[in-house]
Each structure stands twice: as structure tokens, then as C-alpha cells.
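Chemist: Below is one structure. I have some questions about it.
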Amino acid sequence: MFFKKKKKNADISGVVKLKPLKYPPKILIGWAEAISGNTDLRDWFLASEQYTELGMAVHAIMLKDDARDWLLQNGYAHLMAMINGVEGNQEALHWLEKNKFHVLKHVALAADGNEDSLKWLTDNNHREFALISQRIKAVKDEIEDDHNDVHKFGRD
Numbered sequence: 012m013f014f015k016k017k018k019k020n021a022d023i024s025g026v027v028k029l030k031p032l033k034y035p036p037k038i039l040i041g042w043a044e045a046i047s048g049n050t051d052l053r054d055w056f057l058a059s060e061q062y063t064e065l066g067m068a069v070h071a072i073m074l075k076d077d078a079r080d081w082l083l084q085n086g087y088a089h090l091m092a093m094i095n096g097v098e099g100n101q102e103a104l105h106w107l108e109k110n111k112f113h114v115l116k117h118v119a120l121a122a123d124g125n126e127d128s129l130k131w132l133t134d135n136n137h138r139e140f141a142l143i144s145q146r147i148k149a150v151k152d153e154i155e156d157d158h159n160d161v162h163k164f165g166r167d
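The opening residue of the sequence shown carries number 12 in my numbering; numbering runs sequentially from there.
Written out as C-alpha cells, the structure is:
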């Protein structure tokens, strides 16, 4: 399975101070739209000084290694752990739990198809994050389908 491939794990959480993830609901909804393919919003996030990490996370979800490295090097290892969790990385999910990033852990699990985590997000008033998890799931499923389609080999 494409998403389950092993990558070297870089635990830099002790080296780079994690930055807070506090966003107004409309920014989270915009992020969900960017994840779904709204390139204007993605580019707006990337160009902004306040939300660059959200644009980089969109690229990281799309398997761009330079964006993944940027997240780790710039204080967003928790976002990268969420993305790794979506891809089935159990160590990343454990790290999120251990470091009390419960919402991100449930986003990762819900984006990987866990209905209990999706329910947890909605029941705990994290509806924007539930939306984000479903947008990530759709993108992840599309990437997976493309990689399993013999007619699309070699196009990335």
C-alpha cells in the first residue's frame, strides 16, 4: 500500500519548539478548501506570514517531501505527525497521544477511515477539524487510487 511505506522518522520535537495551532473557524474551513484543491486558497496560505504552515501542510498531504521537511524544521512537527498518522504511522499516532494532541490524533484517524474518531471530533465540538479530516481522506483516497491505476504509472 502506497501510504504505508516506511520513511525515515525524524523526531525533532525536542529540538524545534512546537508552534501553537490556534485558528479561527473560517481559516480552518479555508484550509479544508485548500486541501480539496482550491489552489488560490493554498497559495494565499503559503504567501501569508500567519498561516504558511497550512499551505505547506496541503503540499505535505500531497506527498511533497520539501513541504514535509519544512513543517518539521519550522515548529510544526505536530502537523507532520498528523499527516504521518493519516498514512498509518502508528508511532506518529502514539506521539500525538503522548504529547496531548488529541484533536490532531483524531483528525488523522478519521482521515484514515476511523468512524469513531470522526464521531469524537463532532461530539467534542471540533466540526471544522471533522471537515478537514474528511477532505484529507478524499485526497488520500484519490492519491491511492491514482497510484493503483496501471494507466497512470509514471505520471508523478
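Glycine included, every Cβ here is placed at the ideal spot set by N, Cα and C. Values in this document were obtained by computation on a predicted structure and should not be read as measured data.
1) For a test of the three-state rule: what should DSSP assign to Lys-30, helix, strand or coil?
2) Can you say whether Gly-96 is buried or exposed, counting buried as having 16 or more other CB atoms within 10 angstroms of its CB?
3) Do you know how far the Cα of Gln-145 is from the Cα of Leu-132?
4) Is there a Cβ from chain B that is less than 8 Å from the Cβ of Leu-107?
5) Determine the DSSP secondary structure at Asn-125, reduced to helix, strand or coil.
6) Taking only the alpha-carbon atoms, compute the straight-line gap between Lys-33 and Ala-122 and give it to the nearest angstrom.
7) Need the endpoints of the alpha helix (DSSP H) that Met-93 sits in, please.
8) Comparing C-alpha positions only, which one of Ala-45, Asp-76, Asp-77 sits nearest to His-66?
9) With distances taken from CA atoms, which of Asp-77, His-105, Glu-98, Glu-64 is nearest Gly-86?
10) What would DSSP say about Lys-111, mapped onto helix, strand or coil?
11) Over the uninterrupted alpha helix (DSSP H) stretch that includes Met-73, give me the two end residues.
12) Could you tell me the alpha carbon to alpha carbon distance between Asp-152 and Asp-80, rounded to whole angstroms?
13) Going straight from the alpha carbon of Glu-155 to that of Lys-148, what length do you get?
14) Residue ranges of each alpha helix (DSSP H) run of no fewer than 4 residues wholly in the stretch 47-84, ordered along the chain?
Modeler: Quick look at the numbers:
1) Here the question's residue 30 lines up with position 19 in the sequence shown. Note: Lys-30 maps to coil in three-state DSSP.
2) As a first step, residue 96 is located in the sequence shown; it is residue number 85 there, counting from the start. By the neighbour-count rule (16 or more Cβ atoms within 10 Å), Gly-96 is buried.
3) Locating residue 132 in the sequence shown gives position 121, where the first residue counts as 1. Locating residue 145 in the sequence shown gives position 134, where the first residue counts as 1. When only Cα atoms are considered, Leu-132 and Gln-145 end up about 11 Å apart.
4) Structure shown: chain B not included; a single protein chain is present.
5) Position 114 of the sequence shown, counting from 1, holds the residue named residue 125. Note: Asn-125 maps to coil in three-state DSSP.
6) The residue you call residue 33 lines up with position 22 of the sequence shown. The residue you call residue 122 lines up with position 111 of the sequence shown. Lys-33 and Ala-122: Cα-Cα distance of roughly 20 Å.
7) In the sequence shown, residue 93 corresponds to position 82, counting from 1. Segment 88-97, the alpha helix (DSSP H) holding Met-93.
8) For the purposes of this step, residue 66 is identified with residue 55 of the sequence shown, where counting begins at 1. Position check: residue 66 holds Gly in this sequence, whereas His was assumed. For the residues Ala-45, Asp-76, Asp-77, the minimum Cα distance to Gly-66 belongs to Ala-45.
9) As a first step, residue 86 is located in the sequence shown; it is residue number 75 there, counting from the start. Ranking Asp-77, His-105, Glu-98, Glu-64 by Cα distance to Gly-86 puts Glu-64 first.
10) Along the sequence shown, one-based indexing puts residue 111 at 100. In the three-state reduction of the DSSP assignment, Lys-111 falls in the coil class.
11) Looking up residue 73 in the sequence shown gives position 62. Here Met-73 belongs to no alpha helix (DSSP H), and DSSP marks it neither H nor E.
12) On the sequence shown, position 141 is the one that residue 152 refers to. On the sequence shown, position 69 is the one that residue 80 refers to. Their backbone Cα atoms lie some 23 Å apart in a straight line.
13) Counting from one through the sequence shown, the residue named residue 155 turns up at place 144. Counting from one through the sequence shown, the residue named residue 148 turns up at place 137. One C-alpha to the other measures close to 10 Å.
14) Within the stretch 47-84, the complete alpha helix (DSSP H) segments of 4 residues or longer fall at 50-58, 63-72, 76-84, listed in chain order.
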